[in-house]
Amino acid sequence: MAQNANSLTLWKLPLFFMFFAQQGRLVLSAVRRCNFSTEIPSWPYPIYASERLHDRKSIFVAHASALPNDTMFPLFLEMLTASPKLKKATHCMYAYRTQSSSSISKSKVVTGQHDGGESGSGNHLARLLEVTGCENTVLVVSRWYGGVQLGGDRWRRITEVSKEALDKGGFLKREKEVETTGEKNKKSRKRK
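If you use mature numbering (1 follows the signal peptide of the UniProt record, and there is no 0), the sequence shown corresponds to residues -29 to -1, 1 to 163, in order.
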């Protein structure tokens, strides 16, 4: 049987795995890449990454970028999690704070977050964006679990890499206000 020159046998093509966002969750999909496939569009804004932070075999890294409206978030997450380095992360938690894309409520601030299996981390990141005055910003923290539970130290590590990525991008607006306010409001406790 003669084969049509235009036909393509998909089972002969290499198999690639990629993550994409679907209804707020990361989904693994097997994709076959071929010559006629379209590439994932690149992100139009710079992405700022923190240094990799190692703590008891766990590794943390944060990425921050500008996010002009909430409809662009799935594109950002798809592009970022397609990176080979981030595919193997045990936890991918994120939060964003931006303007609404609907014309009815232009001044409405829209927030979103996801724990990525790290309970409470999405809310923690969303609160960090709010407290530091970050607007039109997306923040993604990846953690590679090393087998040792960190307890409360994991929150310190998540905050540390998050602030580093936000600082590199120039997104921190109220960081100095937060530090000085925090110092004034602290009550000194004396032990008896």
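Ideal Cβ placement from N, Cα and C applies to all residues, glycine included.
Residue pairing for Y19: DSSP places it in a beta bridge opposite A35.
Between the beta-carbon of A60 and that of T82 there is about 23 Å, and that puts the pair past the 8 Å contact cut. When secondary structure is reduced to three states using DSSP, W115 falls in the strand class. Residue nearest to D26 within the set S90, K56, R114 and T42 is R114 (criterion: CA-CA distance).
The shortest C-alpha to C-alpha distance from Y65 to any of P15, L51, F142 and S71 is the one to L51. Residue state for N40 is assigned as strand, using DSSP reduced to three classes. If one requires a minimum length of 4 residues, the alpha helix (DSSP H) runs lying completely within the region 44 to 103 are 44 to 52, 55 to 58 and 92 to 102, in chain order.
Rounded to the nearest whole angstrom, the CA to CA distance from H34 to Y19 is 5 Å. The DSSP-derived three-state label of L137 is helix. Straight across, the Cα-Cα distance linking R68 with S36 is about 11 Å. Beta bridge pairing from DSSP links V132 with no other residue. Your pair V32 and V132 checks out as a contact, with CB atoms roughly 6 Å apart and the cut at 8 Å. Where L24 is concerned, the enclosing beta strand (DSSP E) starts and stops at L24 to D26. Shown here for K134: same chain residues with a beta carbon closer than 8 Å to its own, the five before and five after excluded, namely L99, T103, L143 and E146 in chain order.
Using a Cβ distance threshold of 8 Å, V112 and I129 count as a contacting pair. Under the DSSP definition of a beta bridge, S29 partners with D26.
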